[in-house]
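Protein chains in written order, with the working numbering: chain R, 14 to 258; chain A, 786 to 1009; chain G, 65 to 119.
Glycine is no exception: its CB is placed at the ideal position from the N, C-alpha and C atoms.
Following: one structure in structure tokens, then a few remarks.
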Amino acid sequence: MWTWFHKLGSPPHFYRISGRLMPWFAVPALVLLALGTVGGLWWSPPDYQQGDAFRIIYVHVPAAYMAMMVYVTMAVAAAIGIVWRMKLAFASAAACAPIGAAFTFLALATGSIWGRPMWGVWWDWDGRMTSVLVLFFLYLGFMALRSAFEDPVKGDRAAALLAIVGVVNIPIIKFSVDWWNTLHQPATLSRLQAPAMTGDMLAPLLVMIVGYMLLFGAILMVRVRGEVLLREQGARWIRELSPGG
Amino acid sequence: MSVTAALGAVLRREFALAGRRVGELGLPLVFFLLVATLFPLGLMPERELLVAIGPGVLWVAALLASLLALDALFRADVDDGSLEQLVMSPYPLPLLVLAKAGAHWMLTGLPLVVISPLVAQAYYLPADAAWALLATLLIATPTLTLLGGVAAALTAGLRRGAALLGLLVLPLALPLLVFGARATELAAAGEPIAGPLYLLGAMLALAVTLTPWAMAAALRISLD
Amino acid sequence: MGGYGAFVWSAWGLTAAVLVWIALGARRHHQRALEATRDAPARRASVQATVEEVK
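What follows is the structure, encoded as structure tokens:
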């Protein structure tokens, strides 16, 4: 187990393995996303309350789920980097941030598009939306702090510490926003009920979530490969790479 | 020198330095008063409106004023190299930075807390709400200083760190604003506020126990 | 799409656009890193050459 861990942690080894593994994530991701799209848009029946607007759930929920999952992944990678000074962990945390920010943006944007027909407004100070917005700012802070350092090693470590502080704070933020929201429940807007999902509605959602996860894995690998190259400039193993990369 | 003596030395130094630049010290306080003045001017000085927005506005003003002061927490000490001495000293760094943050709060946070009931009068807040504002600020501003201290320590080595500070601190400080402003509002409506006060207290306890370590680690990274 | 077509399609379109954008962004990031590392030894060599010339 440990030798495996060490081996994967070595940049040249990771670079080689990830190059070979990447298509095994990307291709199933594309297949599942296509399947989920067809299933979500055509095969699943319209919701009896929301009609066809509920179909946005198939792109909204996976994005919101990934927004959180990627942040946790980033914080775990950051913690591993801080504790074991592992270059690959810092590279992963750095690679997670822009992808996570993109998922968070998607969760907010699709939520807003969903909100317009359902609530009549583009934005509602709903507890969930507000905490996702804060999550978006946490991603921005991580990226801004990391790029503010001239020395990338320092930037990595500082941003990693920030990610850890953020992940401790997220449950508190979530709790506070929920508490705030229950005090100010706007009565005029009809709440969005979590639709009681039947099997034929749920299946495309699960397919989409798995598709998003695999896509995240594939994109993450490509980004980590880039980060590894940037961090290992001039190392012998890079000069020995075949021109095909 | 024992650890307590070292802590005393840190505190004495902070107060002595603060005594030499009193003008700079008053700046966050003036900023707080200014922001509080701007809202009635920008909106309408009607009694009902001010009572309705008062708790939120005063809390946001206090938050921004504390943010303004935060950059000074480590900046000067980084520039003159005394922070490096602190890091290299044989005493536990988390305790030393806790003392530093404590001194910073007494010098910038406490004046704000003390003056807040007076400003609350200008917003026609009832006495209960004014006291609630004082109580919530008293419990929450130390937490804010500690949380902000982590961000200040992370950006201490950066030339343009002050601009980053807001982006790093404000999302993390959001729970303080929520509970603090809401508690003040509840008090204005004559409702009990023990719940949010306990929660703010819990956050302070959490911050006191965890952030000194984060601050120490952040300083080690910044000065590395 | 029962009157909601515009919303549903724009949500899907936006998602597709952003996902493609981050995927291409990752590819570009990797390619640029690859070029930077390819250039790195060459740059070092040219610096060494100038030092040789000075001598």
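For residue i, three-class secondary structure by DSSP
i	result
G64 (chain R)	strand
Y909 (chain A)	coil
F964 (chain A)	helix
E163 (chain R)	coil
T940 (chain A)	coil
V134 (chain R)	coil
E799 (chain A)	helix
Q95 (chain G)	helix
S125 (chain R)	helix
D864 (chain A)	helix
P896 (chain A)	helix
Y876 (chain A)	coil
M246 (chain R)	The question names Met, but residue 246 (chain R) in the sequence shown is Gln. Reduced to three states, the DSSP call for Q246 (chain R) is coil.
I838 (chain A)	helix
A974 (chain A)	coil
G67 (chain G)	coil
E833 (chain A)	helix
R98 (chain R)	coil
F817 (chain A)	helix
S901 (chain A)	helix
P25 (chain R)	helix
F103 (chain R)	helix
Euclidean distance between Cα positions of residue i and residue j
i	j	result
L254 (chain R)	L119 (chain R)	36 Å
Y908 (chain A)	K885 (chain A)	34 Å
A106 (chain R)	P960 (chain A)	25 Å
V51 (chain R)	L228 (chain R)	17 Å
D65 (chain R)	S74 (chain G)	13 Å
A917 (chain A)	L852 (chain A)	22 Å
L897 (chain A)	M156 (chain R)	32 Å
L218 (chain R)	I70 (chain R)	8 Å
V44 (chain R)	D164 (chain R)	41 Å
I251 (chain R)	R96 (chain G)	14 Å
G166 (chain R)	F800 (chain A)	Position check: residue 166 (chain R) holds Val in this sequence, whereas Gly was assumed. Answer to the nearest angstrom: the Cα atoms are 35 Å apart.
W138 (chain R)	E869 (chain A)	45 Å
A70 (chain G)	W85 (chain G)	22 Å
L243 (chain R)	A80 (chain G)	29 Å
L883 (chain A)	V935 (chain A)	11 Å
L932 (chain A)	P879 (chain A)	14 Å
A108 (chain R)	V237 (chain R)	6 Å
L146 (chain R)	A958 (chain A)	14 Å
E99 (chain G)	L828 (chain A)	56 Å
A821 (chain A)	V842 (chain A)	7 Å
T195 (chain R)	L54 (chain R)	34 Å
I900 (chain A)	V72 (chain R)	50 Å
A861 (chain A)	I1006 (chain A)	17 Å
G894 (chain A)	L871 (chain A)	23 Å
V74 (chain R)	W132 (chain R)	17 Å
W56 (chain R)	A47 (chain R)	13 Å
P911 (chain A)	W192 (chain R)	24 Å
V788 (chain A)	T996 (chain A)	19 Å
D913 (chain A)	L962 (chain A)	18 Å
L892 (chain A)	A91 (chain R)	34 Å
G239 (chain R)	R806 (chain A)	49 Å
W998 (chain A)	A803 (chain A)	25 Å
L939 (chain A)	V181 (chain R)	17 Å
L151 (chain R)	P875 (chain A)	35 Å
D103 (chain G)	V241 (chain R)	16 Å
W890 (chain A)	R129 (chain R)	45 Å
V223 (chain R)	A847 (chain A)	45 Å
Residue i: CB within 8 Å of a non-hydrogen atom of the ligand MG
i	result
V72 (chain R)	The model on display carries no ligand, and the ligand MG is accordingly not part of it.
task = Give, in chain order, every residue of the segment 112-144 of chain R whose Cβ lies closer than 8 Å to some Cβ of chain G.
result = I112, A115, F118, L119, A122, T123, I126, W127, R129, P130
Contact set between the segment 239-250 of chain R and chain G, restricted to residues whose Cβ is under 7 Å from the partner = G239, L242, L243, Q246, G247
ask   = Any contact of the segment 856-873 of chain A with the segment 942-956 of chain A, i.e. 3+ C-beta pairs under 8 Å?
value = yes
ask   = Of all the residues that make up the segment 852-885 of chain A, which are near chain R by a beta-carbon distance shorter than 8 Å?
value = none
Chain R contacts from the segment 947-978 of chain A (Cβ-Cβ distance under 7 Å) = L949, L952, L953, P956, L957, L959, P960, V963, F964, R967
request  = Report yes or no: do three or more beta-carbon pairs, one from the segment 807-818 of chain A and one from the segment 921-935 of chain A, lie closer than 8 Å?
outcome  = no
ask   = Counting Cβ pairs closer than 8 Å, one from the segment 986-1005 of chain A and one from the segment 97-105 of chain R, do we hit at least three?
value = Below 8 Å, too few C-beta pairs join the segment 986-1005 of chain A and the segment 97-105 of chain R to call them touching: fewer than three.
query = On the three-pair Cβ rule with 8 Å, is the segment 960-980 of chain A touching the segment 173-180 of chain R?
reply = Contact between the segment 960-980 of chain A and the segment 173-180 of chain R is absent, because fewer than three Cβ pairs lie under 8 Å.
ask   = Between the segment 71-84 of chain G and chain R, which residues of the former have CB atoms less than 8 Å from a CB of the latter, in chain order?
value = Correct list: F71, V72, S74, A75, W76, L78, T79, V82, L83.
ask   = Are three or more beta carbon pairs between the segment 79-96 of chain R and the segment 125-133 of chain R nearer than 8 Å?
value = no
Contact list for the segment 178-194 of chain R against chain A, Cβ threshold 8 Å = V178, G179, V181, N182, I185, I186, F188, S189, V190, W192, W193
request  = Check whether the segment 229-245 of chain R touches the segment 31-40 of chain R, counting contact only when three or more Cβ pairs, one atom from each stretch, lie closer than 8 Å.
outcome  = The answer is yes - the segment 31-40 of chain R touches the segment 229-245 of chain R, with three or more Cβ pairs under 8 Å.
query = Counting Cβ pairs, one atom from each stretch, are 3 or more of them under 8 Å apart for the segment 828-845 of chain A and the segment 793-807 of chain A?
reply = no
ask   = If contact means a Cβ-Cβ distance below 9 Å, which residues of the segment 44-64 of chain R contact chain G?
value = L46, T50, G53, L54, P59, Q63, G64
Selection of the segment 61-87 of chain R by Cβ proximity to chain A, strictly under 9 Å = none
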